[in-house]
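*Asks:* Let me give you the structure first, and then I'll get to my questions.
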Amino acid sequence: MTASSEQTPESAPTVEQGVWPLLAELPSLPLPNLRKGWAKGAQATFLEQCVVWLREKKGLNPKRAAEFANTTAVNEYFQEFFWALPLHQDPHNDDPPPVADEELSNTQHGAKAAIVKQMSNAIPKWLEYHVGKVTTVAAMTKKARERDPILAFLSRLAGTEPLHYRSLTPKQWFGKDNNDLSLRFDVFWNAQGGLGKDRAAAHTAFVAAKFDKLSSDDQDRWGAFAERMAAENKRPKGGAWAGQRLRCCHLQTVWDTLASTLQPLIEGLSVMLGSHVSLAITDPEPRRGGQVNVITIHEGLDKLAVPLHFHEVGGEPYQLWLAAIGEFALSCYTPEEQRACALPGVAQPSGPPPFWMSNAPWRSSTQPTVRLGPAVVDEEEESDPSEIDSGSEGKKQKKKKKTSKKCARKSSATEEGKGARISKRSKAMNTVTATRASVRSATTA
């Protein structure tokens, strides 16, 4: 391909002509090391989207996640950004199209290889760092807390105010509470013809002058108000608002309003995804003396003549589902932790939790073992004092008799438990069959 001596405005420049600014101004080798915060502008936006994808892949398949960070993300980066584009510049329509390696000069080819190698190492490290980086509420600014949807949702759920304003002086509270001062300052500033960076300092001096004209009683009142607000907004250093556990009285309030607050969210997810959504929350309930309880919310109907939700259908499958979740929650709290969640004056329950199923298929014994309340102790036969001094042979015979009795009791209890489970299951199936038959007959009529 030869370069023409004259070039019309409509003709496109070529690589051989060397008119591409990006290819004409390549960095010298070796490349300088990338500094912290090297991704900016469009590059940072692209990599932040890759962080979202990487988080999803880490939860599904760690091997695929590593492949995405090391290969896929790098390839997509160079498809989005020309390899010679400086990091501080955003893509432009005048950037050159993809150029084959055969069309590059030796200098351009060496620069491309060095840039690709550098970014192939930098992009996976950047993604791994930002995947594990979590911004706590304590590190958020006021505006960031206002915009954070999760924090706003938790605030509504807990019934508390998420914003923590910085401590203000009495003069600042005076200016913040009087909107008329801002209007009067605007008139004053425009009359002075002042423009520039001194507006904030002039506004502070204007408010301070007005505050000094107040009476001593009014100034003391604003001082007391500033001290009270500073005490209310004070929090431990490094503490995160969203990570604090509520007190028992506030926790019970959340329990009472949990279903009504989360129901719109569950319903919206079901409509948006076109799927069935179930949510189960387990925690020691203060009103029950700290006993572990389960709250479930379900959205999605079956295809019966009279559509029902999962919890409305009920039956043994639903009870087994509750029991499995509840028993796992029992293993997550010690008895001391459960008692610490009880409301003052509420006695500890001695019976099993509401979700407990004594005939659960995963339980070999029908005797419940509750972690909160009196411990369940197996009965043992007391030995006869007259047999203590008997010979060793008599002791062996006595031990064999006791072992045979225990085995007999265990086998009979197992058979009774199986019979009870079979009868209950058949009774439940008969009830469901009868209900569906009545629904069909009513629909036909």
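The UniProt record's numbering puts the first residue of the sequence shown at 1, with every later residue one more than the last. For glycine and all other residues, C-beta sits at the position ideal for the given N, C-alpha and C. All of these numbers come straight from a predicted model, not from anything done at the bench.
Is the distance from the Cβ of G300 to the Cβ of H311 below 8 angstroms?
*Replies:* no
*Asks:* By Cβ distance below 7 angstroms, which residues in the same chain neighbour M119 in space, the five residues on each side in sequence not counted?
*Replies:* V74, Y77
*Asks:* Can you give the beta carbon distance from V131 to R55, rounded, assuming they're within the 8 angstroms contact cut?
*Replies:* 6 angstroms
*Asks:* Going by CA-CA distance only, name the one from V294, V271, V313, T296 that's closest to K303.
*Replies:* V313
*Asks:* Exposed or buried, R35, counting other C-beta atoms within 10 Å across all chains shown (16 or more means buried)?
*Replies:* exposed
*Asks:* What are the start and end residues of the beta strand (DSSP E) that includes D283?
*Replies:* 277-285
*Asks:* Determine the contact status of F185 and F211, defining contact as a CB-CB distance below 8 angstroms.
*Replies:* no
*Asks:* Which of helix, strand or coil does DSSP assign to V294?
*Replies:* strand
*Asks:* Is the beta carbon of G289 closer than 8 angstroms to that of Q348?
*Replies:* yes
*Asks:* For A360, I'd like the list of residues in its chain whose CB is within less than 6 angstroms of its CB, leaving aside the five on either flank, ordered along the chain.
*Replies:* A323
*Asks:* Thinking C-beta only, is V306 closer than 8 angstroms to L330?
*Replies:* no
*Asks:* Quick one: which unbroken alpha helix (DSSP H) runs of 4-plus residues sit fully inside the stretch 63-91? Chain order, please.
*Replies:* Those alpha helix (DSSP H) runs which fall completely within the stretch 63-91 and span 4+ residues are 73-80.
*Asks:* Quick check: what's the CA-CA separation for E337 versus W362?
*Replies:* 26 angstroms
*Asks:* Determine whether the beta carbon atoms of D90 and G37 lie at a separation below 8 angstroms.
*Replies:* For D90 and G37, no; Cβs fall outside 8 angstroms.
*Asks:* Label G175 either buried or exposed according to how many other C-beta atoms from any shown protein chain fall within 10 Å of its C-beta, with 16 as the threshold for buried.
*Replies:* buried
*Asks:* Rounded to whole angstroms, what is the Cα-Cα separation between P264 and T204?
*Replies:* 46 angstroms
*Asks:* With 8 angstroms as the threshold, decide whether the Cβ of Y333 is near any Cβ in chain C.
*Replies:* Included in the structure is just one protein chain, with no chain C present.
*Asks:* Are there 16 or more other CB atoms within 10 angstroms of the CB of Q108, so buried, or fewer, so exposed?
*Replies:* buried
*Asks:* Check this for me: beta carbons of P124 and A69, under 8 angstroms apart or not?
*Replies:* yes
*Asks:* To which residues of the same chain is L31 closer than 8 angstroms at the C-beta, ignoring the five residues directly before and after it?
*Replies:* A114, I115, Q118
*Asks:* To which residues of the same chain is K213 closer than 6 angstroms at the C-beta, ignoring the five residues directly before and after it?
*Replies:* none
*Asks:* List the DSSP bridge partners of E299.
*Replies:* Answer by DSSP bridge pairing, in chain order: V277.
*Asks:* Looking at the structure shown, is D198 part of a helix, part of a strand, or coil, going by DSSP?
*Replies:* coil
*Asks:* Report the three-state DSSP secondary structure of M272 (helix, strand or coil).
*Replies:* Helix, per DSSP.
*Asks:* Can you give me the Cβ contacts of L269 inside the same chain, cut-off strictly under 6 angstroms, excluding the 5 residues immediately before and after it?
*Replies:* V277
*Asks:* Are the beta-carbon atoms of F225 and W189 separated by less than 8 angstroms?
*Replies:* no
*Asks:* Which whole-angstrom value describes the C-beta separation of P286 and Y333, a residue pair presumed to lie in contact below a C-beta threshold of 8 angstroms?
*Replies:* Not a contact, Cβ separation roughly 13 angstroms.
*Asks:* Express the C-alpha separation of R199 and L87 in angstroms, rounding to a whole number.
*Replies:* 36 angstroms
*Asks:* What would DSSP say about R35, mapped onto helix, strand or coil?
*Replies:* coil
*Asks:* How would you label E48, buried or exposed, when you count the other beta carbons within 10 angstroms and need 16 or more for buried?
*Replies:* exposed
*Asks:* Can you tell me whether L104 is helix, strand or coil according to DSSP?
*Replies:* coil
*Asks:* Kindly indicate the opening and closing residues of the alpha helix (DSSP H) around H311.
*Replies:* Residues 310-313.
*Asks:* On a CA-only basis, which of V346, V51, P352, A340 is nearest W126? Give me that one, please.
*Replies:* V51
*Asks:* Kindly list the residues whose CB is nearer than 8 angstroms to the CB of P170, restricted to its own chain and excluding five residues on each side of it in sequence; keep chain order.
*Replies:* F211, Q219, W222, G223, F225, A226
*Asks:* If you compare alpha carbons, which of A231, M272, I295 is closest to T261?
*Replies:* Per the Cα distances, I295.
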